[in-house]
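Everything below concerns the one structure shown next.
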Amino acid sequence: MTPTFDKVHNRFKFNGLHFTHEELKEVAYSLIKEGQPFEKETGDFLIDWLDRKDHIYVSTSGSTGKPKEIKLQKQTMVNSAIATGNFFNLEPGDKALHCLPSHFIAGKMMFVRALVLGLEIDFVEPSAHPIFDYEKTYDFCAMIPLQLKYTIGHVHNIKNIIVGGSKVTKPLVEKIKHCESKFFETYGMTETVTHVALRQLESLAGEREPYFKALENITFKKDDRNCLVIHAPNLVDEDLVTNDLVELHSDTSFQLIGRFDNVINSGGVKLFPEQIEEKLQPIISQRFIVAGEEDGTLGEKLILIIENPTDPLEDIKTSIKNLKTLDKFEVPKKIYTSEKFAETVNGKIQRKKTLQTVLAR
């Protein structure tokens, strides 16, 4: 029998205490009235979740456009929670660490998983460097890469960690290799109620997987642009067409190439910023992006924008020139600097806005 959104699992615990449906409402009111800002957000969500409506409104991050509110059916969120629970074999009484803000879908879904699956969830302040009980064993946790970067030395007691929200950088991937936990990079969006696919990263507990693999009851195909189309009948009513360029390995697995709207056409050669950035990561320690600038000869020329570089630009140019992994078309024609990249409210780089600001100077 499929759980429904209006029930609280009898094994659910919040910071060590069990609450019924009505008791949890009282907790939510208390958080709104007396809690810190991050606790008030949690209280607001719990009030919305525990009311009689069959839907809630959720804000998107705005990483690929303007932030917007979308309507999600609560039962759809329950379906997502069950799919994640089945993927990780989560059982009632398992322990989860929650360190994400409750304003966005990823943070909301941590609570939904606990409520539906009967998890014992510890909720801590969602800072860049979350503080939690480093000696306690957890079965499941979700983090953004920045959080994992600052807590990588303290996650040995967390069995499964999903990482999403932004790119997992190569330096972080290298650190993960020496950890005892299992790590999974996520693929998803607010419209799909967080992740629809996961890719395991190399660690002492598991081997690296080259492809993202679908959760249950989800399949993939490509459109005529080679962009991913998601078929997830338990999550969305119609197939969801994305702007993510992919190579399909099967109808349940794919390799992510980059964003269709980020592709640079330079002299007839298509360049994929995400792939080029991955090659440049070992030699640039600050945040950076590559983009296209209008060019009379090439149409677009490849440029590199670095946020507050510490190394002289000439040294960076030399390092790029000596980088064996770059094709000749992937070498930036010009390097710009920026004091501060434009960001969404949850810290993702806004590429177009950053590019516009730099070129307007």
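Read left to right, the sequence shown gives residues 1 to 361 (UniProt numbering). Ideal Cβ placement from N, Cα and C applies to all residues, glycine included.
Cβ neighbour criterion (16 or more within 10 Å) applied to residue i
i, result
"Arg52", "exposed"
"Met1", "exposed"
"Glu41", "buried"
"Ser266", "buried"
"Arg361", "exposed"
"Asn15", "exposed"
"Gln147", "buried"
"Thr325", "exposed"
"His70", "According to the sequence displayed, residue 70 carries Ile and not His. Classification for Ile70: exposed."
"Gln26", "Per the sequence shown, residue 26 should be read as Glu rather than Gln. The residue is exposed, with fewer than 16 neighbouring Cβ atoms inside 10 Å."
"Tyr134", "exposed"
"Ser285", "exposed"
For residue i, the three-state DSSP class (helix, strand or coil)
i, result
"Asp94", "coil"
"His195", "strand"
"Ala214", "strand"
"His9", "coil"
"Leu17", "strand"
"Gln36", "coil"
"Thr252", "coil"
"Glu202", "coil"
"Asp244", "strand"
"Val236", "coil"
"Thr219", "strand"
For residue j and residue i, the rounded distance between their alpha carbons
i, j, result
"Gln275", "Leu100", "28 angstroms"
"Ser203", "Asn234", "32 angstroms"
"Leu304", "Lys170", "18 angstroms"
"Glu330", "Pro312", "21 angstroms"
"His9", "Leu117", "7 angstroms"
"Pro273", "Leu355", "13 angstroms"
"His98", "Cys141", "6 angstroms"
"Asp244", "Thr192", "14 angstroms"
"Phe87", "Leu215", "7 angstroms"
"Leu24", "Val112", "13 angstroms"
"Val173", "Gln75", "35 angstroms"
"Glu209", "Gln73", "32 angstroms"
Anticipated Cβ contact below 8 angstroms, residue i with residue j, distance rounded
i, j, result
"Ile289", "Ile349", "6 angstroms"
"Asp122", "Phe132", "7 angstroms"
"Phe12", "Leu119", "7 angstroms"
heavy atom of the ligand MN below 7 angstroms from residue i C-beta
i, result
"His178", "With respect to the ligand MN, the structure offers nothing, as it holds no ligand at all."
Quick one: complete alpha helix (DSSP H) runs, 4+ long, within the region 257 to 344?
273 to 280, 313 to 321
Hey, which unbroken runs of the beta strand (DSSP E) at 3 residues or more fall wholly within the UniProt domain "AMP-dependent synthetase/ligase" (57 to 198)?
69 to 73, 95 to 98, 120 to 123, 140 to 143, 160 to 163, 182 to 189
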